[in-house]
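All remarks here apply to the structure that follows.
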Amino acid sequence: MSSDPKIVIVGCGISGIAAAHRLVKAGFHHVRILEATARSGGRIKTGRLGNNTTEIGASYIHGPSEGNPVFCLARDYGLLDPEALTPENQAMDVDERPPWEPNWFSSSGERLSAEHVNPALELFYELVDDTSQFKNQEETQWASVGHFLRSEARQRAAERWRDKEEATRELLLCAISTMLKVECCSSATHSMDEIDLGGFCMYKSLSGLDCTFPSGYEGLIKNLMSELPGGLVTYNRPVRFVHWNNTEKRENPVMVECDDGEKFAADHVIVTVPLGYLKKHHSTLFHPPLPLHKLHSVQRLGFGTNNKIYVEFDSPWWDQDCEVIYFVWEDEDAMVDQVPDVQGSWIKKLFGFTVLKPTERYGHALCGWIAGHESEYMETLSEQEVTHAITQLIRRFTGNPIITPRRVLRSQWFHDPWTCGSYSYPGKGCSVQDLENMMEPLPVKESQSQPLQVLFAGEATHPYYYSTVHGAFLSGCREADRLISHYSSISPSQPAK
Ligand code: 6YU
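Using our numbering, the first residue of the sequence shown is number 659, and each one after it goes up by one.
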């Protein structure tokens, strides 16, 4: 193997960029990124709603504090608002984060007071907190997060709300359905019944009150890209095959072949394609195929859809201090997070909207959130059909028959052929071992002559920051470091210059 190896990175999302950055900085000269699309950033994608910046993909830095490399980069590039930089903001613990100021509306067109719905919200947050007791527990009596939340909610509600009127109790249970739909969006899953309870607790939160990029998340990508050598990325080059374990060749044991037939010989390839893409294409992508234990982990981990529907209005119909709008369907069975008739009533899965703030920056704009198969079906509709459904929904819940959106813009992550969904979640039955299998390089048993041929990065390969930008970033650094330490162990002075 060469002392200045050829390294191909598949995918120019944040994990691929992070890996390239690290390798180039360490003195590797033959680093190349092959990207299927015409742009860098992958699921970091900033768009426009009229004159305003919107995020089609990631919105927040989750946990903006010193321990978060994405926060540190954004701060150093000068991409954040001053409030995000304050010590108070960074020190904010997950449990201390104040709940967003809500406005609640019901399907009968009534505004519900926050006091009225609060018992449901309190019970729900308490149950989500209680999931932490299942950390490191291999077996529980609960089949999934959904099973736990629903069963416990039913039992605790029966005790606590005994003295409330029947109609109030039912309304509160319907509000819990709304909260289950919120959780589906957070985990990009069709239903909380698909999420493993132990896996759910593996996710780690960093301190800091989530913040956004005033000029768009893509500013981070632009800054990072400007520090890479020109020509390092080849765009519009979808990789079709990764031929590895070519035992006849001592040098360049990996051959990466693109859709157009162009071939790139390499010593190492870092695959950063999304888990959704991997689930769909692993059997054609890898030659020889993935070892069975790795394949099973790819299958056990979940990858689902969470989409956004931005809606802009001439004037607000929500309170000035409102940060989130929740819709409660009174005609639904209590505590459901799935719609039985996806085509006929997909819109019921949309839990409501977050309010884009500050108004001076975004105008009167909301971001609707919808997860699961209902979200995937929404993607197949025309923009007019989505706008019509949203308009009818808002008119019904507000009781105001003339509210009309000025503009609507939605994301379509499930039908993006290079992503096939939004982000990963711990599927039922998945364990720490599955997360470890995801990041394990090939060949599994390192042979002296051809080690570390195929390495894996991307958000779904991070054991506890999966589904996030910082998890993806760290996974790229991890795989670059794996190669850097490999080369420094065989030749301490090579190749770093
Ligand atoms: C975060 C947030 N956020 C909303 C929405 C989405 C995501 N995330 P990439 O896909 O970026 O790159 C791969 C590249 O590979 C890509 O360019 C492809 O074109 C290319 N490719 C594919 N196939 C190829 C081939 N064959 N050949 C060549 N190239 C190929 N994260 O931190 N904050 O607010 C959100 C959000 C709608 C879709 C998000 C958020 C997820 C991040 O966007 C995502 O992890 C990274 O960008 C992925 O980078 P990458 O490099 O791995 O892949 C308890 C518990 C619960 C757990 N959940 C709690 C946290 C919830 C996360 N929240 C997310 C919410 C939002 C709003």
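For glycine and all other residues, C-beta sits at the position ideal for the given N, C-alpha and C. Fair warning: this is a prediction, and the values are worked out from it, not measured in the lab.
Buried versus exposed, by CB contacts within 10 Å (16 or more), residue i
i               : result
aspartate 995   : buried
tryptophan 1027 : buried
lysine 1015     : exposed
threonine 836   : buried
aspartate 917   : exposed
glutamate 876   : buried
tyrosine 1145   : buried
serine 698      : buried
leucine 950     : exposed
threonine 942   : exposed
glutamate 1117  : buried
threonine 1119  : buried
valine 668      : buried
glutamine 1001  : exposed
glycine 919     : exposed
Closer than 7 angstroms: residue i CB and nearest the ligand 6YU heavy atom
i                 : result
tyrosine 783      : no
isoleucine 702    : yes
asparagine 964    : yes
leucine 692       : yes
threonine 1077    : yes
tryptophan 1071   : yes
serine 849        : no
serine 845        : yes
threonine 632     : Residue coverage of the chain in this structure runs from 659 to 1155, which leaves residue 632 outside it and unanswerable.
valine 775        : no
cysteine 869      : no
phenylalanine 858 : yes
glycine 1116      : yes
isoleucine 672    : yes
threonine 1126    : yes
serine 717        : yes
alanine 811       : no
threonine 711     : no
serine 1080       : yes
histidine 901     : no
glycine 1129      : yes
tyrosine 893      : no
tyrosine 1020     : no
glycine 736       : no
histidine 720     : yes
Sequence-distant residues of the same chain with beta carbon closer than 6 angstroms to residue i, five excluded per side
i              : result
alanine 923    : Asn910 and Met913
leucine 831    : Ala992 and Met993
alanine 694    : Pro896 and Trp1076
valine 1127    : Ile672, Ala716 and Val728
glutamine 748  : Ser723 and Gly866
glycine 700    : Gly671
glycine 857    : Pro1084 and Cys1088
proline 1121   : Leu1093
methionine 883 : Ser698
Whole-number beta carbon distance between residue j and residue i, since they are thought to touch under 8 angstroms
i                 : j                 : result
isoleucine 928    : alanine 1115      : 6 angstroms
glutamate 759     : glutamate 1018    : Wrong, their Cβ atoms sit about 18 angstroms apart, outside the cutoff.
arginine 628      : cysteine 1088     : Missing from the structure shown is residue 628; the chain here goes from 659 to 1155 and no further.
serine 802        : glutamate 988     : Actually they are not in contact, since the Cβ atoms of serine 802 and glutamate 988 sit about 26 angstroms apart, beyond 8 angstroms.
threonine 789     : phenylalanine 763 : Not a contact, Cβ separation roughly 28 angstroms.
leucine 878       : alanine 678       : Contact doesn't hold; Cβ gap of about 15 angstroms is too wide.
asparagine 794    : serine 955        : With a Cβ gap of about 19 angstroms, asparagine 794 and serine 955 do not count as contacting.
serine 1082       : serine 1125       : 6 angstroms
phenylalanine 971 : glycine 1010      : With 8 angstroms as the limit, phenylalanine 971 and glycine 1010 do not qualify as a contact, their Cβ atoms being about 15 angstroms apart.
threonine 711     : glycine 874       : 5 angstroms
DSSP bridge partner residues for residue i (one or two, in chain order)
i              : result
proline 921    : In the sequence as displayed, the identity of residue 921 is lysine instead of proline. Looking at the DSSP assignment, lysine 921 forms a beta bridge with Glu915.
glutamate 970  : Ala1023 and Arg1065
isoleucine 719 : Cys869
alanine 1029   : Asn964
histidine 945  : His901
glycine 705    : Thr712
isoleucine 928 : Ile667 and Leu1113
isoleucine 691 : Ile667 and Val891
tryptophan 762 : Leu770 and Tyr984
valine 1013    : Leu1024
isoleucine 853 : Gly1085
Chain-order list of residues whose beta-carbon lies under 7 angstroms from that of residue i (same chain, five-residue window excluded)
i             : result
lysine 1155   : Because lysine 1155 carries a pLDDT of 35, less than 50, the predicted location of this residue cannot be relied on, and no value is offered for it.
valine 1044   : Ile967, Met1036, Val1066 and Arg1068
threonine 963 : Ala846, Ala1029, Gly1030, Ser1033, Glu1034, Trp1071, Phe1072, Gly1079 and Ser1080
lysine 664    : His688, Asn910, Ala923, Ala924 and Asp925
valine 891    : Cys670, Ile691, Glu693 and Ser698
The ligand NAD heavy atom lying under 7 angstroms from the CB of residue i
i           : result
alanine 732 : Among the ligands modelled here, namely the ligand 6YU, the ligand NAD does not occur.
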